[in-house]
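>
Numbering (our numbering), first residue to last: 2 to 211.
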């Protein structure tokens, strides 16, 4: 999605390699645009199916407090995926597209708002179910270990996560707004803006995205 589809075999359909320096496709022999569109659409449909399965799985894990560590990882990855999607669409929402490269039926700003609502829903659900209690507990105590059935890997993960979140907080890297952090053409620049809200004590709603 970020660098377009390209040929994997010997067939090129007569397409040449792009040699323009500075181009995102430099050195790549891209698939024709109409085929790109169809492949992208099929991938998007597949991703929608996977998204439903992932959300259903996370919902099930949230019912079991022993799954806190796994659920936290899964949700952080899902939120990170959402924020990168937002990063990809921010450019198109801010600049005109006279050449007509944008082909999605929905406007970029609508997709950004949709992704933001999804993120805030996930954050609220997570906070209502668990809050930040696991990160505030002393995991050296047996009563804390009992919460995860004395699972050593889970305990070590939570202890490492506690230290990591503490370092992030001390260096002011939690809760930045995607709209302020975004650099033109660089979706990665919004990384950890929304996903870091999992570990914010208050005001954990994603704002200032556009």
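Beta carbons are placed, not taken as given, at the ideal position from N, Cα and C, and that holds for glycine.
1. Distance, Cα to Cα, residue 151 vs residue 170?
2. Could you name the residues of the same chain whose beta carbon sits closer than 7 Å to that of residue 83, not counting the 5 residues immediately before and after it, in chain order?
3. Quick one, are the C-beta atoms of residue 30 and residue 13 less than 8 Å apart?
4. In its own chain, which residues sit with a C-beta less than 6 Å from the C-beta of residue 112, not counting the 5 before and 5 after it?
5. Which of helix, strand or coil does DSSP assign to residue 187?
6. With a threshold of 6 Å on Cβ separation, who are the neighbours of residue 16 within its own chain once the five nearest residues in sequence on each side are excluded?
7. Ignore the nearest five residues each way along the sequence and tell me which others in residue 68's own chain have a CB closer than 8 Å to its CB.
8. Is it buried or exposed, residue 50, if we count other Cβ atoms within 10 angstroms and call 16 or more buried?
9. Hey, residue 81 and residue 192: beta-carbon distance below 8 Å or not?
10. On the three-pair Cβ rule with 8 Å, is the stretch 125 to 145 touching the stretch 153 to 172?
11. Nearest to residue 127 by CA position, among 10, 53 and 198, is which residue?
12. On the three-state DSSP scale, how would you describe residue 135?
13. Which stretch, first to last residue, makes up the alpha helix (DSSP H) that contains residue 204?
14. Please state the DSSP three-state secondary structure of residue 7.
According to the structure shown:
1. 28 Å
2. 116, 119, 120 and 195
3. yes
4. 90
5. strand
6. 30
7. 62
8. exposed
9. yes
10. yes
11. 198
12. helix
13. From DSSP, residue 204 is part of no alpha helix (DSSP H); its letter is neither H nor E.
14. strand
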